[in-house]
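Working notes, structure below.
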Amino acid sequence: MKPKLYWWRTIASFLFVLFMMPLGHASMIIMEKNMGPDAVHVGGFLLGLAGLVMVIWGVFVKGDTKQTLFGLIGALFFWTGWVEFLFQYYAHRYGTMPEIENGVVVTKPEYLILPATFGLWAMMMLVYMFCTKTGCDLINWLQKQFFRNRKNEIVPHPMSRHVAITTFMEFNMIMWTSYLLLMFCYDPRFIGDHSIITYAVGAGCFIGSLFMFASELKRQSWGANIRMAIATVIVFWVPVEVLGRINFFNEFWIEPQKYATPLLVLLAAFLTLGFYLTYKAFKQKQK
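Take -11 as the starting number for the sequence shown in this note's numbering and just add one per residue.
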């Protein structure tokens, strides 16, 4: 018997998370263009703080979908405010130069110093690999390969399950991983942005995202579907970044002042889906 596929909620969840990616980039650029340096960094700090408050608040709300939305929006604010803007602040403060090719900035300074966090990322991955059961298919597969029949002995228990925190960590860890992957691929001392290896990474992530989307189709609840959409979209976004890097298409979201109309359409679609998912979350609570 074939499992039931939930096309509408999968497409809605996928598009909701997908639209967050260009809108997040565009919002950062709009802040940089229209606010002074001090105001940008204060705004970034407050944005990150708001994200942290949202995630903690999400621990105490009722309903799987509501907790997921609190965790997702909180994670987006946190990543933008306390990761990207904070890296930007210190990169500018200490004079880190951008990567320039043919007179065009191809990598901003804050992203050039991001690979320095590789050790911290590896430290976090050790916790997920050795200290907890998790719902991540990749980590589960790695645990089975490394631990074999000792898996239940080495990782017998999951962490305390708070959906908002789980969603928050999922978003941040996958974003962090994808940024590190891209930065090492782009770096000519390691691989280079026009290397066949970089293209293969992009193609592999695209193919992987198709399998992840197929898995997402089987998720019945809205909360689980949105959480799967987070991973699917971020993995799907890797080839988008690779193609944008080699100028295969125009990344209109990095020029919001020039492409206001398509971004406003995206914003309207994002808000519409957001209101719909919020309605579903409250309806779920009433049941």
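For each residue, glycine too, the CB sits at the ideal point set by N, CA and C. Here the structure is a predicted model, which is why all the values come from computation and not from measurement.
Under the three-state reduction of DSSP output, E239 falls in the coil class, being neither helix nor strand. Contact fails between the region 102 to 115 and the region 10 to 25, because fewer than three Cβ pairs, one in each stretch, are under 8 angstroms apart.
Per DSSP, T95 is not a residue of any alpha helix (DSSP H); the beta strand (DSSP E) it occupies stretches across 92 to 95. When DSSP states are grouped into helix, strand and coil, P144 belongs to the coil group.
Judged by DSSP secondary structure, E87 falls within the beta strand (DSSP E) whose first and last residues are 87 to 89. According to the DSSP assignment, Y167 belongs to the alpha helix (DSSP H) that extends over 151 to 174. Contact between L130 and M117 holds, with the beta-carbon distance rounding to 7 angstroms and staying under 8 angstroms. Among the bridge pairs identified by DSSP, K121 is matched with P146.
Residue F65 holds the alpha-carbon nearest to the alpha-carbon of G32 among L252, F65, L6. Under the DSSP assignment, F4 falls in the alpha helix (DSSP H) whose first and last residues are -5 to 22. Boundaries of the alpha helix (DSSP H) around V223: 210 to 233. Relative to L126, the option among I101, H145, F270, M161 whose CA is nearest is M161. Contact between the region -8 to 3 and the region 192 to 211 is present: three or more C-beta pairs spanning the two stretches fall below 8 angstroms. Beyond the five residues adjoining it in sequence on each side, M42 comes within less than 7 angstroms, by CB distance, of F58, I61, G62, F65 in the same chain, given in chain order. The region 232 to 244 and the region 168 to 187 touch, with no fewer than 3 CB-CB distances between them shorter than 8 angstroms. Within the model, the alpha-carbon separation for K268 versus A152 is close to 17 angstroms.
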